[in-house]
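Q:
Protein chains in written order, with my numbering: chain F, 1 to 710; chain R, 711 to 801.
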């Protein structure tokens, strides 16, 4: 049976048309037809502008006739369009009354807010034609990628080891030894490396289309060009960054990214995206017209009563997230990335903004966050909030979650950094962090799985810089060192920056190992910053958002130079993955509720069972009883886990720790001792040698020991 | 079973895809396997990649084979990073 609505009703300059379908928004291919649909509440008129690929002048501009409009939606179908060879945009007519929130300008050609393929910045750093009337150009996407049997992996959230990385920084360095440096394809080439390291989730810093030339300038220090390298500035919420694809010059970024996800999944590695729904690349009143400002300014942006842009993002404007139509766009974007790209989870940049109403006030039950928590397609997608914004809203521990949202635990970072540098005022806080921050997450029943633990992230020092610099050194960013965080809780171990002093370097390596140990033996989801595993430095720059050079690029030579650090990371990650008892999803009870003679978790001091005995608040010890780690019956892990004992000594003197006695027939074995030089600092998990003294261990200055009772 | 070689031109994109598609399907229609000789081809677009994969899937449904021959390193590279090369055998 043939449909009867497949015939044109109109003709315009040789193109055959008929009224379109308002839904879905964007450009959709149906057989030999392409349906174009765009929403604008306040526009009075709309024109579809079609170009041949990369041509400056459009070959046709088709008005949306009266019969092509329904409600506030303009839609039309064009027949027999060679859509691989067209680019499209819209002209919107309507009032230009900034004081009322309207900035329509029909001289502008605007990007479709739902564009799924955007060209114009196809090869990284290649100068565009700045005079071009239409800079970021929408194309119609092929959406028939052959996934075979791939789906999101649905790894239990408490089993994740997240690796936060940047597509370009990861493999741009000359020593990365990949063919396609700085691209999605480059990540595929490094999958064996990621597997060796042992991470099972990569969290990609923004990969939505952005403009690396935004705020382009040169470094005052060395005259090098500065780019928007990090990409926290969206041009489009549905399209991948073209210049992150080795095939971007052929506009094949969609297929290349999908293939990357598919290959990572084949190797058991999830893909999480860092998404920026708090603002766009259009900036404030002085910013360019790209899309939203010209399509429907008053709908897409939070505006002051005078029509200026609210700036809760610190980036000039604020997306109007709780406008019902913008909310729909965000939900549809996320659904699209899960459905079409098989993305496993999202980390929401400055997520507190998503809970502000249209006047900027925080809401108690933000409809957007609730929609995402209950969305059917996102039902098993990880949702992680950066639970603060630049407008002063700080919601770590109180982010509206509906049992679904996890948070970047900024308190974990701050407490562990202070403990690491022997701050005597932080022990009680550190203990909360180690057991999954029950002070933040237990009362709402959110469990340990709400806490994404990290010590370093893209914002701030790398781990090696955390132990090499007391202060930030951001002069090369061209803002007189004003940018970047001032309170880093860092300690340089005796000398600011690089040194050839072997004692200082040895201490720095030990401190890096201490830091990753604190992260991996704590309850919660650990997140590692890409490069920390090889002692990557940014030369003290704690805000390298614009440094598209060796400051921000991983130096793969470090893998050999700091081989002991990489080896330590690899083993401690594997250790965590082998021990279920380190990966609870619900909070610990500190009780012997199975009648085993030992509680699930116990604190100790230099005296066993006496946590109060310590030195200057700089020592602690704890023991986990593996019998309590619930494992599904019949799974490969279906046996009791081991006892694990950890002694942390952040004092600058050595201390002896009395060991708790194990059940009859079991003995303590040493897995790690950061106070020992490599390779005696850590062993292959499962190969732990017996401890000579079963009653006491000596823990060196600023060192951590991990024992396994089996 | 017969095998027929199909010579691809310099480019495979939306300008010539229909003809190429029709030609390859005609070979399969005859019950022959197809070897696509890509020696002359130095560019393949998204449409072109789909013509090849579609042909391969039509062939598989008929119990036939489509394999590629003489593929340049540039074209192979594009097919590798987009995941299309995994679906093919190479003559």
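The C-beta atom is built at its ideal place from N, Cα and C for all residues, glycine as well.
#1: Less than 8 Å between the beta carbons of residue 581/F and residue 624/F, yes or no?
#2: Hey, is residue 723/R's beta-carbon within less than 8 Å of any beta-carbon in chain F?
#3: Whose Cβ in chain R lies nearer than 8 Å to the Cβ of residue 247/F?
#4: So is residue 756/R in contact with chain F if we call contact Cβ pairs under 8 Å?
#5: Can you give, in chain order, each stretch of the alpha helix (DSSP H) that sits fully within the segment 180-234 of chain F and has at least 4 residues?
#6: Kindly indicate which residue of 516/F, 406/F, 620/F and 167/F has the alpha-carbon position closest to the one of residue 608/F.
#7: I'd like to know whether the C-beta of residue 52/F is nearer than 8 Å to at least one C-beta of chain R.
#8: Excluding the 5 residues flanking residue 470/F on each side, which residues of the same chain have their C-beta closer than 7 Å to its C-beta?
#9: Leaving out five residues before and five after residue 752/R in sequence, what residues of the same chain have Cβ atoms less than 8 Å from its Cβ?
#10: Going residue by residue through the segment 498-532 of chain F, where are the continuous alpha helix (DSSP H) segments of at least 4 residues, counting only ones entirely within it?
#11: What span of residues does the alpha helix (DSSP H) with residue 333/F cover, start to end?
#12: In the DSSP assignment, what residue or residues form a beta bridge with residue 12/F?
#13: Start and end of the beta strand (DSSP E) containing residue 460/F?
#14: Is the beta carbon of residue 137/F closer than 8 Å to that of residue 120/F?
#15: Mark residue 643/F as exposed unless 16 or more other C-beta atoms lie within 10 angstroms of its C-beta, in which case mark it buried.
#16: Between the alpha carbons of residue 540/F and residue 529/F, how many angstroms are there, rounded?
#17: Go through its chain and collect everything with a Cβ distance to residue 434/F's Cβ below 6 Å, but skip five positions before and after it.
#18: DSSP state of residue 545/F, grouped into three classes?
#19: Any contact between the segment 401-417 of chain F and the segment 370-384 of chain F? By contact I mean 3 or more CB pairs, one from each, below 8 Å.
#20: Nearest by alpha-carbon distance to residue 91/F: which of 84/F, 82/F, 58/F and 78/F is it?
#21: Between which residues of its own chain and residue 220/F is the CB-CB distance below 6 Å, once the five residues before and five after are set aside?
#22: Measure the C-alpha to C-alpha separation of residue 600/F and residue 592/F and round it to an integer number of angstroms.
#23: What ranges does the alpha helix (DSSP H) occupy inside the segment 366-410 of chain F, keeping only unbroken runs of at least 4 residues that lie completely in it?
#24: For residue 123/F, count neighbouring Cβ atoms within 10 angstroms of its own Cβ and tell me buried if that reaches 16, exposed if not.
#25: Tell me the start and end of each unbroken beta strand (DSSP E) in the segment 600-634 of chain F that is at least 3 residues and wholly inside, in chain order.
#26: Secondary structure at residue 418/F, three-state DSSP: helix, strand or coil?
#27: Check residue 349/F in the structure and name its three-state DSSP category.
#28: Run through the DSSP bridge pairs and tell me what residue 777/R is partnered with.
#29: Cutting at 6 Å between CB atoms, please list the residues of its own chain near residue 393/F, excluding the five before and the five after it.
#30: Using the Cα positions of residue 724/R and residue 84/F, report the straight-line distance between them to the nearest angstrom.
#31: Nearest-angstrom Cα distance between residue 385/F and residue 345/F?
#32: Go ahead and pull the three-state DSSP assignment for residue 119/F.
#33: Please report how far the alpha carbon of residue 606/F lies from the alpha carbon of residue 511/F, in whole angstroms.
#34: Alpha carbon to alpha carbon, what distance is there between residue 272/F and residue 350/F?
#35: Tell me where the beta strand (DSSP E) around residue 717/R begins and ends.
#36: Would you call the segment 555-562 of chain F and the segment 179-190 of chain F touching, i.e. three or more CB-CB distances under 8 Å?
A: Let's see:
#1: Within the first chain, numbered from 1, the residue matching residue 581/F stands at position 581. Within the first chain, numbered from 1, the residue matching residue 624/F stands at position 624. Closer than 8 Å, so yes.
#2: By 1-based counting over the second chain, the position of residue 723/R is 13. Yes - at least one Cβ of chain F is within 8 Å of the one on residue 723/R.
#3: Residue numbering aside, residue 247/F sits at position 247 when the first chain is read from its first letter. Correct list: 788, 791 and 792.
#4: Numbered from its first residue, the second chain carries residue 756/R at position 46. Answer yes: the Cβ-Cβ gap between residue 756/R and chain F drops below 8 Å somewhere.
#5: 184-189 and 191-197
#6: Sequence index remark: in the first chain, residue 608/F carries index 608 (1-based). With distances taken between Cα atoms, residue 608/F lies closest to 620/F.
#7: What you label residue 52/F is simply residue 52 of the first chain in a count that begins at 1. Judged by the 8 Å Cβ criterion, residue 52/F is not in contact with chain R.
#8: As a first step, residue 470/F must be located in the first chain, where it is residue number 470. Contacts found: 490, 491, 492 and 496.
#9: Working through the second chain from its first residue, we reach residue 752/R at position 42. Result list for residue 752/R: 720, 721, 782, 784 and 785, in chain order.
#10: 502-520
#11: Taking the first chain and counting its residues from 1, one reaches residue 333/F at position 333. Unbroken alpha helix (DSSP H) run through residue 333/F: 324-341.
#12: Here residue 12/F refers to the residue found at position 12 of the first chain. Answer is 15/F, bridged to residue 12/F.
#13: Sequence index remark: in the first chain, residue 460/F carries index 460 (1-based). Counting along the chain, residue 460/F falls outside any beta strand (DSSP E), and DSSP gives it neither H nor E.
#14: For this step, residue 120/F is matched to residue 120 along the first chain. For this step, residue 137/F is matched to residue 137 along the first chain. Going by C-beta atoms, residue 120/F is nearer than 8 Å to residue 137/F.
#15: Within the first chain, numbered from 1, the residue matching residue 643/F stands at position 643. By the neighbour-count rule (16 or more Cβ atoms within 10 Å), residue 643/F is buried.
#16: Residue mapping note: residue 540/F aligns to position 540 of the first chain, counting from 1. Residue mapping note: residue 529/F aligns to position 529 of the first chain, counting from 1. In a straight line, the C-alpha of residue 540/F is about 15 Å away from that of residue 529/F.
#17: For the purposes of this step, residue 434/F is identified with residue 434 of the first chain, where counting begins at 1. Once the five neighbours on either side are set aside, the close Cβ partners of residue 434/F are 522.
#18: Translated into positions along the first chain, residue 545/F becomes position 545. If DSSP states are grouped into helix, strand and coil, residue 545/F belongs with coil.
#19: yes
#20: Your numbering for residue 91/F matches position 91 in the first chain. Checked all of 84/F, 82/F, 58/F and 78/F; the closest Cα to residue 91/F is 58/F.
#21: Counting from 1 along the first chain, the entry for residue 220/F is found at position 220. Excluding sequence neighbours, residue 220/F sits near 478.
#22: In the first chain, residue 600/F corresponds to position 600, counting from 1. In the first chain, residue 592/F corresponds to position 592, counting from 1. Those two C-alpha atoms are separated by around 6 Å.
#23: 367-374
#24: In the first chain, residue 123/F corresponds to position 123, counting from 1. By the 10 Å Cβ count, residue 123/F comes out exposed.
#25: 601-604 and 619-624
#26: Residue 418/F sits at position 418 when you count from the first residue of the first chain. Residue 418/F: helix per DSSP, three-state reduction.
#27: One-based indexing of the first chain puts residue 349/F at position 349. It is coil, neither helix nor strand.
#28: Taking the first residue of the second chain as position 1, residue 777/R is located at position 67. The partner list for residue 777/R (beta bridge, DSSP) reads 745/R and 799/R.
#29: For this step, residue 393/F is matched to residue 393 along the first chain. So the qualifying residues of the chain are 352 and 362.
#30: Here residue 724/R refers to the residue found at position 14 of the second chain. Here residue 84/F refers to the residue found at position 84 of the first chain. About 7 Å.
#31: For the purposes of this step, residue 385/F is identified with residue 385 of the first chain, where counting begins at 1. For the purposes of this step, residue 345/F is identified with residue 345 of the first chain, where counting begins at 1. So the alpha carbons of these two residues sit roughly 11 Å apart.
#32: Taking the first residue of the first chain as 1, we reach residue 119/F at position 119. Strand at residue 119/F.
#33: On the first chain, residue 606/F is found 606 positions in, with the first residue counted as 1. On the first chain, residue 511/F is found 511 positions in, with the first residue counted as 1. Roughly 21 Å separates the two Cα atoms.
#34: Counting from 1 along the first chain, the entry for residue 350/F is found at position 350. Counting from 1 along the first chain, the entry for residue 272/F is found at position 272. So the two alpha carbons sit approximately 16 Å from each other.
#35: As a working note, residue 717/R is residue 7 in the second chain. Segment 713-717, the beta strand (DSSP E) holding residue 717/R.
#36: no
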